[in-house]
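To keep things clear, I will list the structure first and then write my remarks on it.
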Amino acid sequence: MSKEVAIIGVGYAGFRPLTPEVSYKELMFEAATKAYEEAGINPRKDVQSFVTVSEDFNEGTSIFDEYVPDQLGGVLKPVHTVCGDGIHGLAAAFLQIKTGQFDIVVVESHSKASNILYHSHLLAFALDPIFNRPLAFHPYAVAGMEMRRYLAETGTTHKQCAMVVAKNRQNALLNPLASYPAKLTPEDVLASEPIAEPLTSLEISRHADGAIVMVLASGEVARALSDKPIWIRGIGWANDTFWLESRPWARADYATKAAKMAYEMAGIRNPRHEIDFAEIDDTFAYKELQHMEALGLCAPGEAGILTEEGYTSLEGEFPVNPSGGNLGMGHMLDASGLARVMEVVFQLRGEAGKRQIPDAQVGLAFGWRGIPTTSGAAVILSI
Amino acid sequence: MPRVAIVGAGMTKFVRRAQETAKELAWEAASMALESCEMTLDDIDCVVLGSAPDAFDAVHMKSEYLSDGAGAWGKPYIRCYVGGGTGVFAVIQGWYHVASGVFDTCLVVCEEKMSSCMPHPQGAFLTIFDHTTERPLGPNLLWIFALEMNAYMTRYGLRKEDIAYVTVKNRRNAADHPCALLGDPNITVQDVLNSEVLAWPVQRLDVSPISDGAVAIVLAAEHVARRVTNKPVWIEGVGWALDTAYWTNRDLSYPVYVEEAARMAYKMAGIKEPRKEIHIVEPYDPFDYKELHHLEGLLLADRGKAPEDAARGRFDRDKESEPDWLPSSPSGGLLGVGNPIAAAGLMKVAEIFWQLRGEAGKRQVPGNPKRGLAQAWGDLMQVGTVVILGI
């Protein structure tokens, strides 16, 4: 475990609700070009391995990894795909560098969600084909049930969930990469159309298109190539059960386990005090609160109160989702976790513009694979 | 970097249509692998899953669905994916989990259930092609492999009967495999040449069957492996490479991506003369010509000469007297044991594991092999994955 690993280049493209003028390949190419330029590397010569993150059904193409090498500069090189969140891909690259066999590894993930006509139809295919799918419920019902259980067990109020939406979309106003910035009140959110009660339509993140490429390097190489390497201090990921019938509905145990692994690796004992801010999956508004508690940033039932008190706002003591999160930036399918990581990198480098958190030194990013999964990944980054 | 060993393996029967669900198949293989090394899930730090297209099962995010069956409840769990190369790649992914020093043990599970795809999985394969330039033509895998086989045969002036001998060899070998779907001790070259033409030069018996099945292995870092078993099989080298997606622009007569992957693995294993230093090989053989193609790509046969070598028995399991003897696909390969895609690749790694431990029963290669190589291939004739094992 001697090798240090840092992010030395980040590139992005798209970050809009629709990108009709470019294909996913063009988005990837643009993001990759920017990342390589920032890291000062030539992909054909310097990169030893590439990790891409995608799911076939999201792409509408089977064995999608066929279509990734050309636009990344990875032809005839070690390239492989991970089916997971972007942070799972980051973990795969991190592990490769840790073996000592690789010095520079690239991670890519993207979303071309605008090509998907009905995302809920895809999610229905993610339900257990024998026990759940024949019941033909809308997959968002899983989120509705989970939210109801979470509110009931923790005493969190629906209004506190609505405040997450108002906060994140407000933060998005300061983020030029955000697809859904808006000034909303919690009342607007509560009054929006119910989708799977108690979940309302404004509590569900909408999709956006985009691609993200990151260049990771081992310690010595990172110091040689970059003035501002961002170090991966700890990373962790975990699954809970897939069964809807036997999961702990109020809790996100996968987040607790993932965070425990990441904190142990980073030597963090008191995350709320040792970490300055966090980018946390908020695919649904209540998920930000549930994940905050699972990540050990506060006690169960406390996240809603902290949000209400402004503790997690941009000016608060512990900003959560300064980028606007999935609610403000748009949910980017498999790339959502990497979008969270990207904001942490910008904040730590001091490049977050108007939403810059002063003196940010340690940040946490957490990604979740969405319903109906119990799969999440966490990473701790620092300057 | 910690050395990584395979300490246990298990596999289900490969069958045409399994009664078990995909989850149950994964569970069966995972349980057998754990039992084989007297470990339980409590001893496993992380899980890696391999499975090919979600379209077979029509399950989105298939790894999440399979997670319980694969033993991933409450554990770090990642699914890797490189098409047909997945089965061998899953071992590479497991290797970097343990070699990183982050985990001491890793359970690697590969599962495939193709029979859910009705009436035939070729329908799902239509969706692997480029949506703009290729899919409108309605291509299918047999056609594109017929193009590749034709390119290979034409380039070197190869004889169909020499290539067909691979099917004969592998299905005879598979007759000794308790999990095999198509073992046949009596098959002849003439049977292959007389079988139905699917897309010339590909005939029915040139092709492996579609199948259901699962395979699992257990990986451990050296300090754990030494406690668990007195016969650890070490992962000495790994390599993988992905060629361009624009397969129509490539020379299909030689798998350069396999060579790149092999060179990476040989370098890591410190192998300078592969033909002398590799004692047994399990090259990927979904079609008979592919085994030969891959032996050339792995630098284990001269270009265009592998069919002659096969015909003279160089790759037979028991022809020790043959010059440059190199038993190839002693398991029976995909042609004989079956081809549940990701599981078939991992079966090849498991076979080398059993062979090197001397536990391959009737399939045991004579002469106490010390080092073996398993390789898989996939995507649009595009990816090579290689693992070298040694004792």
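Residue numbers (the working numbering), protein chains in the order written: chain A, 14 to 396; chain B, 654 to 1044. Even glycine gets a Cβ: it sits at the ideal position worked out from N, Cα and C.
Burial of Val392 of chain A is indicated by the presence of at least 16 other C-beta atoms within 10 angstroms of its C-beta. Within the stretch 723-744 of chain B, Ala725, Trp726, Gly727, Lys728, Pro729, Tyr730, Ile731, Arg732, Cys733, Tyr734, Val735, Gly736 and Phe742 place their CB atoms closer than 7 Å to a CB of chain A, listed in sequence order. Under the 8 Å Cβ criterion, the stretch 164-178 of chain A does not count as touching the stretch 654-672 of chain B, having fewer than three qualifying pairs. The C-alpha of Leu346 of chain A is placed about 9 Å away from the C-alpha of Ser122 of chain A. In this structure, DSSP gives Pro854 of chain B a state outside helix and strand, which the three-state scheme calls coil.
Arg1024 of chain B has B:Gly1043 as its beta-bridge partners, per DSSP.
Between Tyr193 of chain A and Lys125 of chain A, the CB-CB gap reaches or exceeds 8 Å. A Cβ-Cβ distance of about 5 Å is found for the pair Ile697 of chain B and Leu760 of chain B, placing them in contact under the 8 Å criterion. Across the structure, Val23 of chain A and Glu913 of chain B are spaced so that their CA atoms are roughly 28 Å apart.
Contact check for Ser127 of chain A against Asp222 of chain A passes: the beta carbons are separated by less than 8 Å. Fewer than three beta-carbon pairs drawn from the stretch 320-338 of chain A and the stretch 251-260 of chain A are found closer than 8 Å, and the two stretches are therefore not classed as touching. Using a 10 angstroms sphere on the CB of Phe144 of chain A, the tally of other CB atoms stays under 16, which defines it as exposed. Taken in chain order, the complete alpha helix (DSSP H) segments of 4 or more residues contained in the stretch 942-1019 of chain B are 959-964, 986-989 and 994-1010. Membership of Pro207 of chain A in any alpha helix (DSSP H) is not indicated; the residue belongs instead to the beta strand (DSSP E) covering Pro207 to Ala209. One finds Asp707 and His713 in chain B with Cβ atoms closer than 7 Å to the Cβ of Phe70 of chain A, taken in chain order.
Taking a contact to require three or more Cβ pairs closer than 8 Å, the stretch 1013-1021 of chain B and the stretch 937-950 of chain B do not qualify as touching.
Annotation: Glu688 of chain B to Gln856 of chain B spans about 40 Å, alpha carbon to alpha carbon. Under the 8 Å Cβ criterion, the stretch 862-876 of chain B does not count as touching the stretch 893-911 of chain B, having fewer than three qualifying pairs.
When beta bridges are read from the DSSP output, Asp865 of chain B appears opposite B:Val668 and B:Lys766. If you draw a straight line from the Cα of Lys925 of chain B to the Cα of Arg824 of chain B, it is about 32 Å long. If you draw a straight line from the Cα of Glu233 of chain A to the Cα of Gln109 of chain A, it is about 16 Å long. In this structure Gly53 of chain A is exposed. Its beta-carbon is surrounded by fewer than 16 other beta-carbon atoms within 10 angstroms. When 8 Å is used as the limit between beta carbons, Ala251 of chain A is near these residues of chain B: Gly727, Lys728, Pro729 and Tyr730, in chain order. Under the Cβ criterion (8 Å, minimum of three pairs), the stretch 366-385 of chain A does not count as touching the stretch 795-812 of chain B. By alpha-carbon distance to Trp244 of chain A, the top candidate from A:Arg368, A:Val357, A:Phe28 and A:Gly383 is A:Val357.
Ser704 of chain B is classed as buried because its beta carbon has at least 16 other beta carbons within 10 Å across all chains shown.
With a beta-carbon spacing of about 22 Å, Ala723 of chain B and Ala777 of chain B fall beyond the 8 Å limit used to define contacts. Linking Leu203 of chain A to Pro152 of chain A through their CA atoms gives a straight-line distance of about 21 Å.
Contact of Thr254 of chain A with chain B by beta-carbon distance below 7 Å involves Asp721 and Trp726. DSSP places Tyr937 of chain B in the coil class of the three-state scheme, outside both helix and strand. Contact between Val60 of chain A and Val119 of chain A is confirmed by a C-beta separation of about 5 Å, below the 8 Å threshold. With three or more CB-CB distances shorter than 8 Å, the stretch 823-837 of chain B counts as touching the stretch 851-868 of chain B. CA-CA distance, Lys958 of chain B to Lys943 of chain B, rounds to 13 Å.
Of the residues assessed, Arg282 of chain A falls on the exposed side of the cut-off, its CB having fewer than 16 other CB atoms within 10 angstroms. At least one CB atom of chain B sits nearer than 8 Å to the CB of Ala139 of chain A.
Not one beta carbon of chain A lies nearer than 8 Å to the beta carbon of Ser864 of chain B.
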